[in-house]
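Novice: If you're matching them up, the sequences are chains R and Z in order.
If you read the first sequence in our numbering, its first letter stands for residue 7, the second for the next number, and so on.
If you read the second sequence in our numbering, its first letter stands for residue 7, the second for the next number, and so on.
Idealized CB from N, CA, C, for every residue including glycine.
Got a structure here, written out as structure tokens. Questions coming.
There are 2 protein chains.
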Amino acid sequence: MLVTQVKNKLLRLIPADELCRVVDMCERVRLGPRQILHHYMLPMEYVYFVERGLVSVAARVEREKFVEVWLIGSEGLVGAPIALAADAAPLHRRTVQVTGEALRIKTPEFCGLLDSLPHLRSVVDRYLAVVLGQTSQSGACNSFHDIRQRLARWLLIARSAMDDNEIPLTHGVLAELLGVRRASVTDSLEALQTDGTVTTRRGSVKIENPVELSRLCCGCFKLIEREYRRLLPASDTGSDARLPVRSQPQSPWMSPDS
Amino acid sequence: MLVTQVKNKLLRLIPADELCRVVDMCERVRLGPRQILHHYMLPMEYVYFVERGLVSVAARVEREKFVEVWLIGSEGLVGAPIALAADAAPLHRRTVQVTGEALRIKTPEFCGLLDSLPHLRSVVDRYLAVVLGQTSQSGACNSFHDIRQRLARWLLIARSAMDDNEIPLTHGVLAELLGVRRASVTDSLEALQTDGTVTTRRGSVKIENPVELSRLCCGCFKLIEREYRRLLPASDTGSDARLPVRSQPQSPWMSPDS
DNA sequence: ACGTCTGTGTACGCTACCGTACTTGATCTG
DNA sequence: CAGATCAAGTACGGTAGCGTACACAGACGT
């Protein structure tokens, strides 16, 4: 598999030698519509570095009723909590929401790589910190902001995760993910459309004006996005990104920048 | 400091030799009422192993308006996300809600210990997995269940965190934490009181019947509690528990300052 | 072209929860 | 003991979001 074709942003943050080791053990798979990558309360066979598409992680709140808790696109990894405890990811269900593809690797092999590839470990750890921030901020947002703002936040996060302004999902699916009525989504989307920030077609929402949308949204999105950028700065130079020097094994603590 | 007097449940899960190394670098401090252990967006100077009392972690949802995202008692650690990235914990504010005491250690020294004490690392990792589960489940719960159920969940989690049926907080504080009106808390508590599961005094709520309360609550609490027990089984023997460890201490990578 | 299916617009009554604010009761202070 | 302060109970109108339901429209297969 050609390393230079890897699109996953976490993988693109690790140096070429480690990247090769990882990619060698991966297989490229298609993420089919509504495919369940991980069932609720079952062991996780693979972890997936998403290359294209969108995967949602949802918590069970009732018999056969799930609400999304975080979102994974090409900036992330499906199954990251495995890195914290090999048996650590059973509360939630991972479902493909937008088809695409991913590099997948068997869980035990992934754990092995984490132990031998320090940059991979570091990137996954930092990604987990972002997920925790994103999830907790969204959770607070859920209990405080109205549906319109939460929908705006969701669309903006999805846009970042997919690197695409077009989000091919129906109102019904969006409603499920947000844990609200389908009709509420329709109403909110209409309002956003009136503001000129999005347009809708049957089965798809397109973000026309992200900047304006982000202004209409609550502050939660900006906090989440800033956190991602702070902990996982984008590598624009591909797999040859300059990588941070390993140093100061005694004290990796650093003071946050301004 | 006497190692045998350590009450923190995470510390009690690591073997005696590691425990001594940790405790040697800690100082025992009092957690005063309404004390802010970590301000929003500022570097974290210390991490705290809570020995008694209750600390809440809250996300900013508006100018000077915060909503709780998770809860820490003697079963946990204030500042755990530091273990994922030394600069990883700035989105939220940590406030003492119930006075008590804690063992605190300077952040850089904590990071150093993580790299040299594999059992400590393992316990903290697993605790982080629990926090992620708890936070995400609560977030979903926030957008789906009514105030009464969320209050019941909160009380049960607080009870586990404090190991005490008496939760010395006013309705006003509970309302702040849940992100709802003070009057709504009064109403819900009254309902729970009618059911005979709790009693209230001025400035305090006592759980009279945890089993029944947990039945009235949504399923979210049970999921959260089960996850804690699964990943961090209680050590009745003090310090001889065996949890899996990472094979390689490391992770000194720092993000390039931007 | 046809019926069929799935997605979207819209409506209606209902309830949980909100903002506000006033009253009563408990605790502290001088 | 008197007065001040803070917690808790209660009330009331307003509304966001709910469940349900139905009609219409774009897409699709035969």
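#1: Going by C-alpha to C-alpha distance, which of R:S149, R:T105, R:T206, R:L138 sits closest to V186 (chain R)?
#2: Under 9 Å Cβ-Cβ, which residues of chain Z neighbour R18 (chain R)?
#3: Suppose the cutoff is 6 Å on Cβ atoms and the five residues either side in sequence are ignored; what does the same chain contact list for V12 (chain R) look like?
#4: Using a Cβ-Cβ cutoff of less than 6 Å, which residues in the same chain neighbour P96 (chain R) once the five nearest sequence positions on both sides are dropped?
#5: Could you pull the start and end residues of the beta strand (DSSP E) that E218 (chain R) belongs to?
#6: Exposed or buried, G79 (chain R), counting other C-beta atoms within 10 Å across all chains shown (16 or more means buried)?
#7: Can you pull the chain R residues whose beta carbon is under 8 Å from the beta carbon of L97 (chain Z), in chain order?
#8: Determine contact between the region 106–113 of chain Z and the region 108–116 of chain R, defined as no fewer than three beta-carbon pairs at a distance below 8 Å.
#9: How big is the Cα-Cα spacing for R36 (chain R) and E57 (chain R)?
#10: Can a CB atom of chain Z be found closer than 7 Å to the CB of D131 (chain R)?
#11: Ordered along the chain, which non-local residues of its own chain (more than five positions away) have a Cβ less than 6 Å from that of Q103 (chain Z)?
#12: Using a cut-off of 7 Å between C-beta atoms, extract the partners of F150 (chain Z) located in chain R.
#13: Per DSSP, what kind of secondary structure is V12 (chain Z) in: helix, strand or coil?
#14: Please state the DSSP three-state secondary structure of L17 (chain Z).
#15: What did DSSP end up calling F55 (chain Z) once you bin it into helix, strand or coil?
#16: Looking at I173 (chain R) and A181 (chain R), is the spacing between their C-beta atoms short of 7 Å?
#17: If you follow the beta strand (DSSP E) that R207 (chain R) is in, where does it begin and where does it stop?
#18: For chain Z, find out if any of its Cβ atoms is closer than 7 Å to the Cβ of L219 (chain R); answer yes or no.
#19: Between which two residues does the beta strand (DSSP E) holding T101 (chain Z) run?
#20: Does DSSP put F72 (chain Z) in a helix, in a strand, or in coil?
#21: Alpha carbons only, please: which of Z:D93, Z:A89, Z:A189, Z:H177 is nearest the one belonging to A135 (chain Z)?
#22: Please list the partners that W76 (chain Z) has in chain R, where partner means a Cβ-to-Cβ separation under 8 Å.
Specialist: Based on what the coordinates show:
#1: Ranked by how close their Cα comes to the Cα of V186 (chain R), the residues R:S149, R:T105, R:T206, R:L138 have R:S149 in first place.
#2: Within 9 Å Cβ-Cβ: nothing; R18 (chain R) doesn't reach chain Z, min ~15 Å.
#3: Here the set comprises nothing.
#4: M47
#5: It is not in any beta strand (DSSP E) - E218 (chain R) instead sits in the alpha helix (DSSP H) that spans 216–222.
#6: buried
#7: G139, S142, Q143, L229, E233
#8: no
#9: 10 Å
#10: Taking Cβ atoms only, chain Z reaches closer than 7 Å to D131 (chain R), which makes this a yes.
#11: L60, S62
#12: V67, V73, G185
#13: coil
#14: helix
#15: strand
#16: No, Cβ-Cβ distance for A181 (chain R) and I173 (chain R) is not below 7 Å.
#17: Run containing R207 (chain R): 204–207, per the beta strand (DSSP E) assignment.
#18: no
#19: 98–112
#20: Three-state result, F72 (chain Z): strand.
#21: Z:A89
#22: The contacting residues are S142.
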